[in-house]
Amino acid sequence: MPAVVTVNTNVYEGQKPGTSGLRKKVKVFLQENYTENFIQSILDANKEAIVGSTLVVGGDGRYLVKEVVDKIIKISAANGVSKLLVGQNGILSTPAVSCIIRKYKTLGGIVLTASHNPGGINNDFGIKFNCSNGGPAPDHTTNEIYALTTAIKQYKIVPDLVVPIDKIGTQTFNIDGRQFTVEVIDSVQDYVAYMKEIFDFSKIKALIQGSEKRRPFNVLIDSMNGVTGPYVKRIFVDELGALERNIRRATPLEDFGGAHPDPNLTYAADLVAAVKNGDYDFGAAFDGDGDRNMIIGRGAFFVTPSDSLAVLANNLQHIPYFQKSGVQGFARSMPTAAAVDRVAAATGREIFEVPTGWKYFGNLMDAGRLSLCGEESFGTGSDHIREKDGLWAALAWLQVIAALGQSVEEILTAHWRQFGRNYFTRYDYEECASDPCNEMMQILEKKITEPGFIGSSHSSGGKTYVVKLADNFSYMDPIDRSVAMKQGLRIIFEDGSRIVLRLSGTGSSGATVRLYIDSYEAKEVLGDAQVMLRPLVAVALQVSRLQEYTGRDAPTVIT
Ligand code: VG1
Ligand code: CO
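Residues 337 to 895 in our numbering are what the sequence shown lists, from first letter to last.
The structure is reproduced here in structure tokens:
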């Protein structure tokens, strides 16, 4: 009978979860006891509830997932967890974990992913805890996990427990007189069953396959070698009648085939080119762990995530899930352009603006006040689970297209005509030196909160902007009244256009600066965002002195 062993350990500094879990280079996680410390701290943060509990475990298939699943099994067994639901071979997308936690009412889950960050031995790994509502742990829980990592002296493990995870089935063990069960589950089954409840698959299938009167709607779905491959095969090929040539990069690879699994115009340039040059009506790509999505139409017509959210908000009535459950409020993260706010106003619904990170949507959903939300970072989702959901977003778009009988571009153009258009761009300066970036943020905060900044004028390219409001965004959760401070510097101008600057909380080394720019045009619906926003970008660079601090004269990625 395998026995529990208590291992003495030392504290590692810096095990502080960021925007979405602890993300570091694989080599950091490979240090002796580093991963064990963090897992033990997650379990300890759940205190008494852990004994006798059930947890879900899975990840995005990147390098180290299987090894860490094995550690979680051994440490959970030693800490009195009674059951683990583990994805076969350790594979579970982030939305699938959320779905499974909710379906089987478990205490929570541990998600092994660094999401859109590259994978492989020289790249990133991550560990994230999700609570019983299926959502990423809120700040007070991640703060507690972090506090525990700064004081940990021992962890408990069952080193001799051998639990293969390559075959579906249940294995039961006796650990110190207690029963411990590992159930290896089909990675996609529960999720696919849920999608079939939410959407009308027969209508999407008819769209994709076409009929005598209408040619097939040709899709190209790109999993970027991330976790969504098996989900896409099951849903698009087996259920919706798409052909193998309608899907690409659908096998999860430990290093994502060297790709940066982040669905945007830069890192998914391959898909964009394929759609542009091929006979496709629709393209979608997902990130490594399957919670992000990018949607493009024929000719690679790009839908900004902020617009995607607004269009879906305006068309939820076409989705069976919302026909049944009704539509409550909408929400977006602060840097996301406010297109959805106009839909909320027009339809008389509540709208919430929360800090960056999906964890801030959870309370509002649990309280029944939020149905649909999104982030500019290619995240879209609803209260069907508590994570953003890439495949859900693609299916939602296809359901809307099937109902409206219009192309992606026609839908967007009509939307802009009705609501006006929010132009948005984000500049990312990745992996800069940390100190100068921190200094830049401090100095900029001081500058924009000094008396006299409000009302000041800033000009570029023949346009002048007058500051109406400037602050470091803070948010009070309307449900539990918890406060999140310092969530990004905002400069809002008289005409409603905005500059937002924040430091990323998902990078694994150095600092990544994100500069978000948006403006609203009530009438002009045609125009290129990069051209329209050029003067405002110039103002942002002047005011922040970003190029001087980062030493970069151009961003790494523009979206
Ligand atoms: C980024 C995005 C944020 C998103 C987060 C996690 O965070 O900006 O909107 O919620 O990634 O997404 P940051 O702190 O780097 O800006 V994922 O798909 O990496 O879980
Ligand atoms: Co992700």
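The beta carbon of each residue, even a glycine, is placed where N, CA and C say it ideally should be. On a predicted model such as this, the values are computed, not experimentally measured, just so you know.
- Between Arg678 and Gly756, the C-beta spacing is below 8 Å.
- Excluding its 5 nearest sequence neighbours in each direction, Ala820 has C-beta neighbours in its own chain below 6 Å: Pro691 and Tyr811, listed in chain order.
- Using a Cβ distance threshold of 8 Å, Ile427 and Ile375 do not count as a contacting pair.
- The nearest non-hydrogen atom of the ligand VG1 is less than 7 Å from the C-beta of Gly693.
- Rounded to the nearest whole angstrom, the CA to CA distance from Leu358 to Phe697 is 20 Å.
- By the Cβ test, the region 363-373 is in contact with the region 481-498, since at least three Cβ pairs between them sit closer than 8 Å.
- Comparing alpha-carbon positions, the option among Gly562, Lys549, Ile540 and Asn600 lying closest to Ala578 turns out to be Ile540.
- When the Cα atoms are used, Asp460 and Ser743 turn out to be separated by approximately 38 Å.
- Counting only unbroken stretches of 4 or more residues, the alpha helix (DSSP H) elements lying wholly within the region 696-777 are 698-702, 726-740 and 744-755, in sequence order.
- The C-beta separation of Asp574 from Ser429 comes to about 17 Å, leaving the pair out of contact by the 8 Å criterion.
- Membership of Ser669 in the beta strand (DSSP E) is indicated by the continuous run Gly665 to Ser669.
- Gly444 is bridged by DSSP to Leu391.
- By the Cβ rule, the region 552-569 counts as touching the region 578-595, because three or more pairs are nearer than 8 Å.
- Your pair Pro597 and Thr716 does not check out as a contact, with CB atoms roughly 17 Å apart and the cut at 8 Å.
- Using a C-beta cut-off of 8 Å, the region 617-624 makes contact with the region 729-742, since at least three inter-stretch Cβ pairs fall below that distance.
- When beta bridges are read from the DSSP output, Asp807 appears opposite Arg826.
- Counting along the chain, the unbroken alpha helix (DSSP H) around Ala414 starts and ends at Val401 to Ala414.
- Residue Tyr399 holds the alpha-carbon nearest to the alpha-carbon of Lys360 among Asp816, Gly388, Thr345 and Tyr399.
- For Arg850, the CB falls within less than 7 Å of some heavy atom of the ligand VG1.
- Beta-bridge partners of Asp558 (DSSP): Arg584 and Ala621.
- Looking only at Thr342, Asn699 and Val433, the smallest Cα-Cα distance to Asp725 is reached by Val433.
- As computed with DSSP, Gly505 is found in a beta bridge with Val520.
- Under the DSSP assignment, Ile481 falls in the alpha helix (DSSP H) whose first and last residues are Asp475 to Thr485.
- Taking C-alpha positions only, Gln883 is separated from Ile894 by approximately 15 Å.
- Each of Gly693, Glu712 and Ala413 was checked against the Cα of Val676, and the nearest Cα belongs to Glu712.
- The three-state reading of DSSP puts His654 in helix, counting H, G and I together.
- The C-beta of Ile779 has fewer than 16 other C-beta atoms within 10 Å across all chains shown, which makes the residue exposed.
- Between the alpha carbons of Pro472 and Glu548 lies a gap of roughly 46 Å.
- Just measuring C-alpha positions, the residue of Leu805, Ser792, Tyr616 and Ile835 sitting nearest Asp558 is Tyr616.
- For Thr716, the shortest C-beta to heavy atom distance toward the ligand VG1 is 7 Å or greater.
- Boundaries of the alpha helix (DSSP H) harbouring Asn613: Ala605 to Asn613, taken from the DSSP string.
- Around the CB of Gln424, 16 or more other CB atoms lie within 10 Å, so the residue is classed as buried.
- A direct Cα-to-Cα measurement between Ser538 and Leu576 gives close to 8 Å.
- The region 527-556 contains no complete beta strand (DSSP E) run of 3 or more residues.
- The Cβ atoms of Met630 and Tyr759 do not sit closer than 8 Å to each other.
- Taking all protein chains in view, the Cβ of Lys503 is surrounded by fewer than 16 other Cβ atoms within 10 Å, so the residue is classified as exposed.
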